[in-house]
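Engineer: Heads up: the protein sequence lines correspond to chains U and D, in order. All residue numbers for the first sequence refer to my numbering, where the first residue is 1 and numbers rise by one. All residue numbers for the second sequence refer to my numbering, where the first residue is 1 and numbers rise by one.
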Amino acid sequence: SQTIHQWPATLVQPVGSPLSLECTVEGTSNPNLYWYRQAAGRGLQLLFYSVGIGQISSEVPQNLSASRPQDRQFILSSKKLLLSDSGFYLCAWSGGSWPDTQYFGPGTRLTVL
Amino acid sequence: AQKITQTQPGMFVQEKEAVTLDCTYDTSDQSYGLFWYKQPSSGEMIFLIYQGSYDEQNATEGRYSLNFQKARKSANLVISASQLGDSAMYFCAMREGGRGAQKLVFGQGTRLTINP
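1. State the DSSP-derived secondary structure class of L113 (chain U), mapped to helix, strand or coil.
2. Shorter than 8 Å from the beta carbon of E44 (chain D) to some beta carbon of chain U?
3. In or out: K79 (chain U) buried (at least 16 other Cβ within 10 Å) or exposed?
4. Have a look at L104 (chain D) and K3 (chain D) and give me their C-alpha separation to the nearest angstrom.
5. Closer than 8 Å, Cβ to any Cβ of chain D: which residues of the stretch 97 to 108 of chain U, in chain order?
6. Does the distance from the C-beta atom of E15 (chain D) to that of Q83 (chain D) stay below 8 Å?
7. Which residues, in order along the stretch 69 to 92 of chain U, keep a beta-carbon less than 7 Å from a beta-carbon of chain D?
8. Would you say K103 (chain D) faces chain U, with C-beta separation under 8 Å as the test?
9. So, is T3 (chain U) buried or exposed, given that buried needs 16 or more other C-beta atoms within 10 angstroms?
10. Just to confirm my understanding: we take Q102 (chain D), look at its own chain, exclude 5 residues before and 5 after, and list those with CB closer than 6 Å. What are they?
11. What are the boundary residues of the beta strand (DSSP E) that includes N115 (chain D)?
12. Pull the bridge partners of Y25 (chain D) from the DSSP assignment, please.
13. Following the continuous beta strand (DSSP E) through A92 (chain U), name the residue where it begins and the one where it ends.
14. Who are the near neighbours of F68 (chain D) in its chain, counting only those whose CB is closer than 6 Å to its CB and skipping five residues on each side?
15. Identify, in the order they occur along the chain, each residue of the same chain with its Cβ nearer than 7 Å to the Cβ of L83 (chain U), setting aside the five sequence neighbours on each side.
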């Protein structure tokens, strides 16, 4: 069966510091991968998605970036965090064939102070 | 224009009662999919049920069923015999047709509280 991991689970970072969140998937190959952000009490906003190694699509312009160095690894980064980057970050994967249901990881709660 | 609308910010239901969570959507595509997810306080998004636009039967998964009314563009989630563990946020989401990775558009969610 497939499993998706995210770390760290929680993170408190000062404004202006760098960020690296990691997501890995087990039990499948060539998944589609997604990064979402959820503000408190709100729905999810898609940030990035990837259909393969090195292939990243950005949905929302911001100071975040994503990379996919390996087939089942997806990384969310920032060089300098802003207060507005605080939120709950969720990684998801899908198999690529219709209906392409997305399955989510446990999430990372980021607080920028 | 908002693609997914969930008009109930919060709902309170007695244990063992059935509950319906509303979801309306807006799309001009003929091919699309509708999803419901549950988000407990731990934060993880749990996939519950899926309905395709061409599916003639309403989807069911255990205690979950989807009341799909295509002409009205609604896809309400019905939970039968609610349990205390059903207390959570519930999100409706839509994927529009096409190949490859497609984003899910989420509604704002409904917070369901089951009272003993």
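All C-beta atoms, glycine included, are put in the ideal place defined by N, C-alpha and C. Source: prediction; values computed, not measured.
Structural biologist: Considering the structure as presented:
1. Taking the first residue of the first sequence as position 1, residue 113 (chain U) is located at position 113. DSSP places L113 (chain U) in coil when its eight states are reduced to three.
2. For the purposes of this step, residue 44 (chain D) is taken as the residue at position 44 of the second sequence. With 8 Å as the cut-off, E44 (chain D) counts as an interface residue toward chain U.
3. Sequence index remark: in the first sequence, residue 79 (chain U) carries index 79 (1-based). Exposed: under 16 other Cβ atoms inside 10 Å.
4. Here the question's residue 104 (chain D) lines up with position 104 in the second sequence. Here the question's residue 3 (chain D) lines up with position 3 in the second sequence. For L104 (chain D) and K3 (chain D), the distance between alpha carbons rounds to 10 Å.
5. W98, P99, D100, T101, Q102, Y103, F104, G105, P106 and G107
6. The count along the second sequence starts at 1 and reaches residue 15 (chain D) at position 15. The count along the second sequence starts at 1 and reaches residue 83 (chain D) at position 83. Going by C-beta atoms, E15 (chain D) is nearer than 8 Å to Q83 (chain D).
7. F88 and L90
8. The residue you call residue 103 (chain D) lines up with position 103 of the second sequence. Yes, contact with chain U.
9. Taking the first residue of the first sequence as position 1, residue 3 (chain U) is located at position 3. Exposed, because fewer than 16 other Cβ atoms sit within 10 Å of the Cβ of T3 (chain U).
10. Walking along the second sequence from the start, residue 102 (chain D) turns up at place 102. So the qualifying residues of the chain are R95.
11. Position 115 of the second sequence, counted from the start, is the residue given in the question as residue 115 (chain D). Residues T110 to N115.
12. For the purposes of this step, residue 25 (chain D) is taken as the residue at position 25 of the second sequence. Answer by DSSP bridge pairing, in chain order: D:I4.
13. As a first step, residue 92 (chain U) must be located in the first sequence, where it is residue number 92. Taken as a continuous stretch (DSSP letters only), the beta strand (DSSP E) holding A92 (chain U) covers G87 to S94.
14. Translated into positions along the second sequence, residue 68 (chain D) becomes position 68. These residues qualify, in order along the chain: Q51, N58 and A75.
15. Translated into the one-based positions of the first sequence, residue 83 (chain U) becomes position 83. V15 and V112.
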